[in-house]
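Numbering (the working numbering), first residue to last: 12 to 535.
Backbone N, C-alpha and C fix where the C-beta goes; we use that ideal spot for every residue, glycine too.
Here it is, written out as structure tokens:
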């Protein structure tokens, strides 16, 4: 015999042996091949080869060629298990419970693994084994209940076994007491509870207890929790509850302890902490307020110190300068025994110096009084502007100035200070004007910030932009006393007035291009 003939004979013998094993009476196995849909995805599995034992289980019906979903359309989970075994080449082992139309229970132990172009399933009917296990478990459960009760009869914690009661919609609505330990009555105050339902004993018992125990009975998952029981003890229980056995027979074992005293202490501690936190918040807020006021006072003190330094400067320089001139000119007249005609030029200079000193003192007094006036009232800015224009009527005519203005609103302000603000700005524009000065007063209202933006602009000589902040400082002058009259306080007064009204003031200018003053004030 050739090698080819020997190999063929060997394969034939192996196939016959496999067929004999596959068709053995006790062998229950199936070979499935996948069924693909239009998208080239597996949608079902076909019975390709069935063992004799499988056909016998199907009451002699050979299912070869049929698909799993054709026979059992509800077995989508089986399809997924077969797909995982086939696509991932991963053996799947599982136990399946099945109840036929006659209500007969079956359990199957199944193992699926990929072989070639399909899935080979070996399965076993373990119904008798499961039924035996249930009987054993029931017996063990009775023994366990007795052990539990023997154990919990000697402890201080309350213990009971309850049987849950469900309505037609599978909602837990009550439970019946099966067994209790001696501590049960002490912990709950319930007497002769065995055999009675909770609602029979306490009709107002809270529903959340039924919901918790019902979930344990249905899911088989134990729970530990703390729960309030107002209707029983008007207090709290610490509870550990678990199903009595794995068969989910609606029986739940409950171990519990009255923790009302502990909860009251926790509540008192929590309330104390809350009060303490509130006090800390109040103290913190008060401290923040004090710090804010202190910061404001520090800023005011710094401003006062700066103003004091400026006043010291004017007392030592600006006020003394005209006074020295007056003294010097008087000495000239006296020492030289001048006639009236000879003394006339010096008398004019004395008069000029005295006038400058008088104006300086007036301006300093105005500046110092700004902090005193605090009463805010409704002020019509149109009236303020008309009064200021009337005050400067002669100077306006003399300089042939033109005042262009628009309607202005009414705001909450200090009337006299608003008049000083407008007066100083218009006076400044007239003073530093070129020929035929034009002064424009306009405004914009911002409803979002509830503020008014006032714009005072002119076509005067202007100033270098680098001095846009310096001009608002006390006694700061950009020009010599001989060039333009003034004390250097006017714009400082404007700045202080605006700040007292919680506003801002700034200036823009270029030499020879006029100046624009922008003022923002609250409307109320």
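Proximity below 9 Å, CB of residue 414 to CB of residue 390
For residue 414 and residue 390, no; Cβs fall outside 9 Å.
CB-CB length for residue 133 against residue 122, believed under 8 Å:
A Cβ-Cβ distance of about 5 Å is found for the pair residue 133 and residue 122, placing them in contact under the 8 Å criterion.
Alpha carbon to alpha carbon, how far is residue 517 from residue 284?
Cα to Cα, the separation comes out at about 51 Å.
Cβ atoms of residue 508 and residue 432: under 9 Å apart, would you say?
Less than 9 Å separates the beta-carbon of residue 432 from that of residue 508.
Which value, in whole angstroms, describes the spacing of the CA atoms of residue 227 and residue 250?
Going by C-alpha positions, residue 227 is about 13 Å away from residue 250.
Cβ shell of residue 407 (< 6 Å), same chain only, five flanking positions each side left out:
So the list is empty, once near-sequence residues are dropped.
Cα-Cα separation, residue 198 to residue 168
Each residue's Cα considered, the two are about 8 Å apart.
Distance, residue 363 Cα to residue 476 Cα
Spanning the two alpha carbons is a distance of roughly 32 Å.
For residue 220, does the count of other Cβ atoms within 10 angstroms reach 16, so buried, or fall short, so exposed?
So residue 220 ends up on the buried side.
Skipping 5 residues on each side, what residues in its chain have a beta carbon closer than 8 Å to that of residue 522?
Excluding five sequence positions before and after residue 522, the CB atoms of its chain that fall closer than 8 Å to its own CB belong to 472, 473, 474 and 475, given in chain order.
For the region 178-194 and the region 274-289, state whether three or more C-beta atom pairs, one from each stretch, are separated by less than 8 Å.
Verdict: no, contact absent.
Given this structure, state the Cα-to-Cα distance separating residue 505 from residue 435, to the nearest angstrom.
Cα to Cα, the separation comes out at about 7 Å.
Report yes if the CB atom of residue 242 is closer than 9 Å to the CB atom of residue 213, and no otherwise.
Taking a C-beta distance under 9 Å as the contact criterion, residue 242 and residue 213 qualify as a contact pair.
So, using beta-carbon positions, are residue 361 and residue 337 closer together than 9 Å?
If you check the CB distance, residue 361 and residue 337 come in under 9 Å.
Do residue 443 and residue 402 have their C-beta atoms within less than 9 Å of each other?
In this structure, residue 402 does not lie closer than 9 Å to residue 443 by Cβ.
Could you check how far apart the C-beta atoms of residue 263 and residue 224 are, in whole angstroms? I think they sit under 8 Å.
Between residue 263 and residue 224 a beta carbon distance of about 5 Å is seen, short of the 8 Å cut, so the two are scored as contacting.
Who pairs with residue 248 in a beta bridge, going by DSSP?
Residue 248 pairs with 238 and 269.
Under a three-way DSSP split, which group does residue 495 fall into?
Its pLDDT being 47, under 50, residue 495 is placed unreliably by the model, and the measurement read from it follows with that caveat. Looking at residue 495 - three-state DSSP - the assignment turns out to be coil, as it is neither helix nor strand.
Neighbourhood of residue 25 by C-beta distance below 6 Å, restricted to the same chain and skipping five residues each side:
Bear in mind that a pLDDT of 45 at residue 25, under 50, signals an unreliable position, so the model cannot answer this.
Neighbourhood of residue 210 by C-beta, 7 Å cutoff - its chain only, sequence neighbours within 5 removed
Excluding sequence positions up to five before and after residue 210, its CB lies within less than 7 Å of the CB of 185 and 216, all in the same chain and listed in chain order.
Shortest alpha-carbon distance to residue 448 belongs to which of 440, 454 and 455?
Taking residue 448 as reference, the option from 440, 454 and 455 with the minimal CA-CA separation is 440.
Could you tell me which of 394, 50 and 437 sits nearest to residue 410, measuring between CA atoms?
Of all alpha-carbon atoms in 394, 50 and 437, the one lying nearest the alpha-carbon of residue 410 is that of 437.
Output the distance between the C-alpha atoms of residue 50 and residue 85, rounded to the nearest integer angstrom.
Whole-angstrom Cα-Cα distance: 22 Å.
Out of 395, 388 and 528, state which residue places its alpha-carbon closest to the alpha-carbon of residue 466.
The residue with the shortest Cα to Cα distance from residue 466 is 528.
Apart from the five residues on each side of it in sequence, which residues of its chain come closer than 7 Å, Cβ to Cβ, to residue 515?
Contacts found: 509 and 531.
Spatially closest choice to residue 82 from 94, 91, 69 and 93, by CA coordinates
Among 94, 91, 69 and 93, the Cα nearest to that of residue 82 is on 69.
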